[in-house]
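Report on one structure; see the data block that follows.
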Amino acid sequence: MDIASRNGPNRVLTAITFLAISLFLFIYLSHSWSLTFLNEDFDPNQSGDWLINYSGGFIRRGLMGEILDRSVPQSVSIIVALGYLQILILGFLFASFTILFFRSTKSPAWIMVCLSPAVLMFPAVNPEAAFRKELLPLLALALLALGAKLGIRLWLLFASLAIYTLAVFSHEASIAVLPGLVYLVREFTSSPYARISRIANAYLIGISLVAGILALRFPGSQEQIDAICTSWSDRGIGNCYQGSLAAMTTSVLDSVDFLFTNYYPEYFLYLLVISLAIFPLFLVRFLPQHWKLAVVAVLVLLPLFVGAWDYGRWIFIGFAELSLVALALESRKKLAPAINVPLIVALGYAFLWGFSWYEQVFREPLIQQLLQQLALIT
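According to the numbering used here, the sequence shown is numbered sequentially starting from 718.
Structure representation (structure tokens):
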């Protein structure tokens, strides 16, 4: 029996395992979130962040909320409409990782990349942060990663540009995925569109700069917050002055002071989280070969770690970005064969540790959370 035939059943088992787990994670997250939004319970972060709009004039993070406010009739619950949209976006992201996984060698090392507590396992471990706006830029990146195998077509390129534009004017943290977008456009846009790819990358960089500057110029005033709150109240949403909306008036200096006063030195433990999260990228040979891209990604993310305290979310964005790029490269057979890892080790890596989106660093892994929930039921 040759190596290929011996590895065949192992690949099938690994593929079935990945498919079952990813499907479970998506259903688990969708169900838990639907219990909130179908009751029209307002989450000031997971709903509120998306509903910031231009009722008081132009303001950072307002584009998505303005589109929702204008497109969802007053007779329809905007919380419910948003909830379904969030599940749809998360579903596409999970589907993208699944398709890309099946284009890989389907080895346990790739399970560690995709189901890492810093990638698809992160929202399951942190359901309070599973449906934040970082889903939008990751959606734009996932479209390009899917197109890499046969060369990114124009419709995929334009769709990604449109979604990224929406994302950067809906949350400035979306700029974090810019290195991955630029890299995929440069490397994998179909050869007949080489000139268009250069224009697209110039647009990505330019729109990111514009969005970043406007975010600094229009951070949000109390008058604007009051106007947004009024628009929410007109839709039956109470408790406006908390969560993401309340944080809009916090200055950068106040945010930095709050971060270092309340969360350091404990937040240095996130360096251990990053060390654990980066390990699978070495196993699939993405690193050290593509270290330059990783360094640029870190540099773009760095301002978030200085001025905002949701460290877990920023780690999730960074590693989801690098994982999608790695999967795109693998779909084109541009990575060396992954290091062999037993499936049980890969599953242990995915399920036996976790970290929080903010405040405390480490958190109960998903398997422990599920057991605790089961104990409460019984």
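A virtual CB, placed ideally from N, CA and C, is assigned to each residue, including glycine.
This one's a predicted model, so the numbers in the text were calculated from it and none came from an experiment.
- T906 has I869 as its beta-bridge partners, per DSSP.
- Inclusion of S907 and L863 in the CB contact set at 7 Å is not warranted, their separation being larger than that value.
- Y987 and W1026 have their C-alpha atoms spaced approximately 12 Å apart.
- For the pair S938 and G929, the Cα-to-Cα distance works out to about 17 Å.
- One thing to note: V1012 has its Cβ no nearer than 7 Å to the Cβ of P896.
- Membership of A1043 in the alpha helix (DSSP H) is indicated by the continuous run 1028-1048.
- If you check the CB distance, L898 and L856 do not come in under 7 Å.
- Around the beta carbon of E940, fewer than 16 other beta carbons lie within 10 angstroms, which makes this residue exposed.
- Between L1039 and L1046, the gap from beta carbon to beta carbon reaches 7 Å or more.
- Spanning the alpha carbons of S747 and L807 requires a straight line of approximately 9 Å.
- Cβ-Cβ separation between L853 and L810: approximately 10 Å, too far for a contact (criterion under 8 Å).
- As DSSP reads the structure, F814 sits in no beta bridge.
- Here the stretch 827-839 lies against the stretch 738-758, with 3 or more beta-carbon pairs under 8 Å apart.
- Under the three-state reduction of DSSP output, F1072 falls in the strand class.
- Taken in chain order, the unbroken stretches of alpha helix (DSSP H) that lie wholly in the stretch 875-924 and span 4 residues or more are 895-905.
- In this model, W949 and Q1006 are separated by some 49 Å (Cα to Cα).
- Here F935 carries a coil assignment [DSSP, helix/strand/coil].
- Taken through DSSP and simplified to helix, strand or coil, F999 comes out as helix.
- By the Cβ-count criterion, W1070 is buried, with 16 or more other Cβ atoms from all chains shown falling within 10 Å of its own Cβ.
- The beta-carbon distance between I1034 and E904, rounded to whole angstroms, is 21 Å. This is too long to meet the 8 Å contact definition.
- Taking 7 Å as the cut-off, the beta carbon of I954 is found closer than this to the beta carbon of F759.
- Close CB contacts of M781 within its chain, under the 6 Å cut and outside five residues either way in sequence, are with W767, S887 (chain order).
- Inclusion of G1024 and V969 in the CB contact set at 7 Å is warranted, their separation being smaller than that value.
- Taking a cut-off of 8 Å on C-beta distances, the stretch 994-1009 does not touch the stretch 791-805, as fewer than three cross pairs fall below it.
- Assignment of beta-bridge partners to F1079 by DSSP yields F1072.
- The C-alpha of L1088 is placed about 16 Å away from the C-alpha of N843.
- As the crow flies, the alpha-carbon of F818 is around 27 Å from that of Y910.
- One Cα belongs to V885, the other to A879, and the distance between them is close to 10 Å.
- Inclusion of V902 and N918 in the CB contact set at 7 Å is warranted, their separation being smaller than that value.
- One alpha carbon belongs to F743, the other to F754, and they sit about 16 Å apart.
- Of T822, K866, L926, the smallest CA-CA separation from V729 is found for T822.
- Take W827, set aside five residues on each side of it, and the residues of its chain with a beta-carbon closer than 7 Å to its own are F818, S821, V1001, A1055, in chain order.
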